[in-house]
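Numbering (our numbering), first residue to last: 405 to 479. Data first, discussion second: the structure below is written as structure tokens.
This is the structure:
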């Protein structure tokens, strides 16, 4: 079955990241394509990491992979 991988970089998005995750969750894809979310936390200094972990726990039916950088990679 075809899969669409969606990469979402985040940095200090604790207050807003759930909005985009909910929009992606609600999006219906054609031809039975499934979604895979890859969320990359670029060393946020707020609670973004915990917010994403909580979201993943609350939505076990979503295919979400979560990566966290130990050092900020932004330029």
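The beta carbon of each residue, even a glycine, is placed where N, CA and C say it ideally should be.
Around residue 470, the same chain offers 443, 456 as residues with beta carbons nearer than 6 Å, after the five sequence neighbours per side are excluded. Under the criterion of beta carbons closer than 8 Å, residue 446 and residue 477 qualify as touching, at roughly 5 Å. Distances from the alpha-carbon of residue 468 to those of 439, 406, 475, 453 put 439 closest.
Spatial neighbours of residue 405 in its own chain (CB-CB distance under 7 Å, excluding positions within 5 residues in sequence) are listed in chain order as 436, 438. When only Cα atoms are considered, residue 454 and residue 413 end up about 15 Å apart.
One thing to note: residue 410 has its Cβ no nearer than 7 Å to the Cβ of residue 433. Per DSSP, residue 426 is one residue of the alpha helix (DSSP H) stretching across 421 to 430.
Looking from the CA of residue 418, the closest CA among 448, 461, 463, 464 belongs to 448.
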